[in-house]
Amino acid sequence: MSEQTAFEQEVAGLIVDSLNLEEVAAEDIDPEAPLFREGLGLDSIDALELALAISRAYGVQIRSDDENNRQIFASLRALAAHIEANRAPV
Amino acid sequence: MSATHPLMLDHPAPLARVADRDISRRAFLADVHALAGQLPEASAGFNLCTDRYHFAVAFAALVLRGQINLLPPNRCRTTLAELAARFPDAHALVDSADVEIAAPCRWVDAAGLRTPETGTVPEIPLDQTAVLAFSSGSTGHPTAHARHWGALVAVTRQARARFDLDRDPGQTLVATVPPQHMYGLESTVLYALLGYSRLLADCPFYPGDIHAALAEAGQATLVTTPFHLNTCLRSPLDWPPTRRILCATAPLDPNLAARAETGFHAPLREIYGCTEAGAIASREPTRDTTWMTYDGVILERDPATGLARAQGPQHPDAVLLPDHIEPLDERHFRMQGRLADQLNIAGKRASLAELNQRLNAIPGVEDGVFLAPAADPRSSHVQRLAALVVAPGLSEQEILTRLAESIDAVFLPRPLVRIEELPRTATGKLPRERLLDLLATQGECA
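In the order they appear, the protein sequences are chains G and A.
Numbering-wise, the first sequence is residues 230 to 319 according to the working numbering.
Numbering-wise, the second sequence is residues 14 to 459 according to the working numbering.
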């Protein structure tokens, strides 16, 4: 497993908190492993919940017609990169 | 000769919006005729299209050919395989590669680009079976429910009158529910086909999608569920003014209804319906605690089962309703909750009996049971199921993978706890309290 960057750690915490994943530790999420089905076993309800948490925390609206929507949720790394690229300047 | 009704209402308001184009009713009819001409001889076809315009074209083409639209309860591999075995001569209409079914598949890519058709709109016999939808029954197998063309015509007429849908011809339906679901079919495809509304090809999912669709359509009707409404209202978005909100699939909390009316600047109407009977009643949840049936629909108590049954123009034979319903008079009732075996998660229904049967059918599972933990009223999260499973040779992941082939993802157990033995009583029963205790203690060890 490759190491989480500081921002990936932050997003991992958001995933665990927003989805109530009691049995998962944020630091144990492999940044390159799939988030849905095989990996953490998340589904469309989780995708919606996670999109909501991301819009509240970073002001980034996830859209179905975003280019490569599947890739955004492909892994913690891809998701963190998408948020960083689209979040409002601080 | 039996009575008929046209395949669609013929008037100048567009039927659909595909990408950024309005599709006229006549252009739609041209797409329907083109697809109908390509369909094989069969009694039925699976309509698995996800794009709502594709679905509408496929739906009408099947009806035009006298074939039944088979609407599966989910897209899981095993579910589709079982239904394909039950309807061996059925073909399938698809528009995405992610669906796997053992039937001849035809790709639907209609986009309203054909030369509009000028001939008369075909007439369809009212007694023709247009749809077979499936509910998750206590027998453990999906039960088929037939809807005739006349029933679909009747319920659409009732809904148009009840919700004043004809006031603005061409108004847009922005819907978060799939067209294969009875509520999604009735409240989008049929309101467009047999009314004056315009359906959106897209199925907006994220709050950002719904916001963009509502803003673009201007004064649209939002067709949604309590689950989606709740998500939208928790997002930081400001909602564009909306004409009305229709909500169904699960009881709506009156506080959420009030927040939705404020947030969307729109009146909200809640619809009561089920796969068995379709929509039969509505209420204004911020004002009414009781439901009023659609015009012409009456309720009575079934003496044999004690359940309520509905009779109306769309139900020549009375249909038993799968909920605890207390009729106040022929037209009004209170909803007292679901029957014990029925679950509702994020608006999707399933029976515990079917889920348990699916779990125990997995090779290597010796015994297993699903349970719904007590709801936490403080949590805005969707409450998931848990499962206790005796399967010495299987990993948790292997069991989940097998389950995902036959049940919708929202019902996959979280957690799934593997144990040595279920606490069955001498009569084979599983006391719920014992199961909850076991879940609590095993969960700590995991």
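Where a beta carbon is used, it is the ideal one built from N, C-alpha and C, also for glycine.
Which class does A:His158 belong to by DSSP, given the choice of helix, strand or coil? Within the second sequence, residue 158 of chain A is the residue found at index 145, counting from 1. Correct three-state label for A:His158: strand.
In whole angstroms, what separates the C-alpha of A:His241 from that of A:Thr440? Residue mapping note: residue 241 of chain A aligns to position 228 of the second sequence, counting from 1. Residue mapping note: residue 440 of chain A aligns to position 427 of the second sequence, counting from 1. When rounded, the distance between both Cα atoms is 42 Å.
If you follow the beta strand (DSSP E) that A:Arg257 is part of, which residue opens it and which one closes it? As a first step, residue 257 of chain A is located in the second sequence; it is residue number 244 there, counting from the start. Start and end: 257–260.
Is the CB-CB distance between A:Asp108 and A:Thr63 below 8 Å? Residue 108 of chain A sits at position 95 when you count from the first residue of the second sequence. Residue 63 of chain A sits at position 50 when you count from the first residue of the second sequence. It is a contact, given that the beta carbons lie within the stated cut-off.
May I have the straight-line CA-CA distance separating A:Cys458 from A:Gly381, to the nearest angstrom? For the purposes of this step, residue 458 of chain A is identified with residue 445 of the second sequence, where counting begins at 1. For the purposes of this step, residue 381 of chain A is identified with residue 368 of the second sequence, where counting begins at 1. Any reading at A:Cys458 must be qualified, since the residue scores a pLDDT of 43, below 50, and its modelled position is unreliable; the value itself is stated next. Taking the Cα positions, A:Cys458 is about 19 Å away from A:Gly381.
Counting Cβ pairs closer than 8 Å, one from the stretch 245–257 of chain A and one from the stretch 218–236 of chain A, do we hit at least three? yes
Since A:Leu42 and A:Glu136 are thought to touch, with beta carbons under 8 Å apart, how far apart are those beta carbons, to the nearest angstrom? Position 29 of the second sequence, counted from the start, is the residue given in the question as residue 42 of chain A. Position 123 of the second sequence, counted from the start, is the residue given in the question as residue 136 of chain A. Not confirmed; about 13 Å, so no contact.
Counting C-beta neighbours from all protein chains within 10 Å, is the total for G:Ala309 16 or more, i.e. buried, or is it exposed? Your numbering for residue 309 of chain G matches position 80 in the first sequence. Buried: at least 16 other Cβ atoms inside 10 Å.
Spell out whether any CB of chain G is found under 8 Å from the CB atom of A:Ser37. Here residue 37 of chain A refers to the residue found at position 24 when the second sequence is read from its first residue. Cβ-Cβ to chain G under 8 Å: no for A:Ser37.
What are the partner residues of A:His337, as DSSP defines its beta bridges? Here residue 337 of chain A corresponds to residue number 324 of the second sequence, with the count starting at 1. DSSP output for A:His337 lists A:Gly350 as bridge partner(s).
As a quick exercise: from A:Leu384, A:Arg347, A:Ala261, A:Gln324, pick the residue whose alpha carbon is nearest that of A:Ala353. Taking the second sequence and counting its residues from 1, one reaches residue 353 of chain A at position 340. For the residues A:Leu384, A:Arg347, A:Ala261, A:Gln324, the minimum Cα distance to A:Ala353 belongs to A:Leu384.
Evaluate the contact criterion for the stretch 208–217 of chain A versus the stretch 333–349 of chain A: three or more CB pairs, one atom per stretch, below 8 Å. no
Across which residues does DSSP place A:Asp122 in a beta bridge pair? Translated into the one-based positions of the second sequence, residue 122 of chain A becomes position 109. Looking at the DSSP assignment, A:Asp122 forms no beta bridge with any residue, so it has no partner.
Where the beta strand (DSSP E) containing A:Ala143 begins and where it ends: The residue given as residue 143 of chain A occupies position 130 in the second sequence. Where A:Ala143 is concerned, the enclosing beta strand (DSSP E) stretches over 142–149.
By the three-class DSSP mapping on this structure, what secondary structure does A:Phe176 have? As a working mapping, residue 176 of chain A is identified with position 163 in the second sequence. Three-state DSSP puts A:Phe176 in coil, outside helix and strand.
Cβ-Cβ distance between A:Gly286 and A:Tyr196 below 8 Å: Reading the second sequence from its first residue, position 273 is the one you call residue 286 of chain A. Reading the second sequence from its first residue, position 183 is the one you call residue 196 of chain A. Taking 8 Å as the Cβ cut-off, A:Gly286 and A:Tyr196 qualify as a contacting pair.
DSSP on A:Arg34, reduced to helix/strand/coil? Within the second sequence, residue 34 of chain A is the residue found at index 21, counting from 1. In this structure, A:Arg34 counts as strand in the three-state DSSP scheme.
Would you grab the beta carbon distance between G:Pro306 and G:Glu239 for me? Rounded to a whole angstrom, and I think it's under 8 Å. Walking along the first sequence from the start, residue 306 of chain G turns up at place 77. Walking along the first sequence from the start, residue 239 of chain G turns up at place 10. The question names Pro, but residue 306 of chain G is Arg in the sequence shown. Not really, about 13 Å apart at Cβ, beyond 8 Å.
Proximal residues to G:Leu250 (C-beta, below 8 Å), its chain only, five neighbours per side dropped: Translated into positions along the first sequence, residue 250 of chain G becomes position 21. Same-chain partners within the cutoff: Ile244, Leu269.
Which one of A:Gln80, A:Leu28, A:Glu446 has the shortest CA to CA distance from A:Gly50? On the second sequence, position 37 is the one that residue 50 of chain A refers to. Of the listed residues, the one whose Cα sits closest to A:Gly50 is A:Gln80.
Below 7 Å on C-beta distance, what does A:His194 contact in chain G? Residue 194 of chain A sits at position 181 when you count from the first residue of the second sequence. Think of a sphere of 7 Å around the beta carbon of A:His194: no beta carbon from chain G falls inside it, the nearest being about 14 Å out.
Could you name the residues of the same chain whose beta carbon sits closer than 6 Å to that of A:Pro53, not counting the 5 residues immediately before and after it, in chain order? For the purposes of this step, residue 53 of chain A is taken as the residue at position 40 of the second sequence. His104, listed in sequence order.
A:Ala453 classed as buried or exposed, judged by whether at least 16 other C-beta atoms fall within 10 angstroms: On the second sequence, residue 453 of chain A is found 440 positions in, with the first residue counted as 1. So A:Ala453 counts as exposed.
Going by DSSP, name the residue or residues bridged to A:Glu283. Looking up residue 283 of chain A in the second sequence gives position 270. Looking at the DSSP output, A:Glu283 shares a beta bridge with A:Cys260, A:Arg296.
Along chain A, which residues have their Cβ under 8 Å away from the Cβ of G:Arg292? Here residue 292 of chain G corresponds to residue number 63 of the first sequence, with the count starting at 1. Under the 8 Å cutoff, chain A gives Tyr219, Gly221, Asp222, Ala225.
Spatially closest choice to A:Leu443 from A:Gln324, A:Ala422, A:Val134, A:Ala400, by CA coordinates: By 1-based counting over the second sequence, the position of residue 443 of chain A is 430. Out of A:Gln324, A:Ala422, A:Val134, A:Ala400, A:Ala400 has the C-alpha closest to the C-alpha of A:Leu443.
Determine, using beta-carbon pairs with one atom in the stretch 80–94 of chain A and one in the stretch 416–424 of chain A, whether at least three such pairs fall under 8 Å. Yes, the stretch 80–94 of chain A touches the stretch 416–424 of chain A.
Which of the three DSSP states, helix, strand or coil, is assigned to A:Glu457? As a working note, residue 457 of chain A is residue 444 in the second sequence. Bear in mind that the predicted position of A:Glu457 carries a pLDDT of just 49, short of 50, making it unreliable; the figure below should be weighed with that in mind. Note: A:Glu457 maps to helix in three-state DSSP.
Is the CB-CB distance between A:Thr299 and A:Pro267 below 8 Å? Residue numbering aside, residue 299 of chain A sits at position 286 when the second sequence is read from its first letter. Residue numbering aside, residue 267 of chain A sits at position 254 when the second sequence is read from its first letter. It is a contact, given that the beta carbons lie within the stated cut-off.
Quick check on DSSP: helix, strand or coil for G:Asn297? Locating residue 297 of chain G in the first sequence gives position 68, counting from the first residue. If DSSP states are grouped into helix, strand and coil, G:Asn297 belongs with coil.
DSSP three-state label for A:Leu250, please. Position 237 of the second sequence, counted from the start, is the residue given in the question as residue 250 of chain A. The answer is coil: DSSP assigns A:Leu250 none of H, G, I, E or B.
Classify G:Met230 as helix, strand or coil using the three-state DSSP reduction. Position 1 of the first sequence holds residue 230 of chain G. Coil.
Would you verify that the beta carbon of A:Thr275 is, or is not, closer than 8 Å to some beta carbon of chain G? In the second sequence, the residue the question calls residue 275 of chain A occupies position 262. Closer than 8 Å: no.
Listing by chain order, which chain C residues have their CB less than 9 Å from the CB of G:Asn297? The structure shown contains no chain C; the protein chains it does contain are G and A.
Could you tell me whether any Cβ in chain G is nearer than 8 Å to the Cβ of A:Ala459? If you number the second sequence from 1, residue 459 of chain A lands on position 446. Residue confidence is low: A:Ala459 scores 40 on pLDDT, short of 50, so the model does not pin down where it sits. Its coordinate-derived value is still stated next. Chain G, which has a Cβ nearer than 8 Å to the Cβ of A:Ala459, makes this yes.
Taking 8 Å as the CB-CB cut-off, is G:Glu252 touching chain A? Indexing the first sequence from 1 puts residue 252 of chain G at position 23. Judged by the 8 Å Cβ criterion, G:Glu252 is in contact with chain A.
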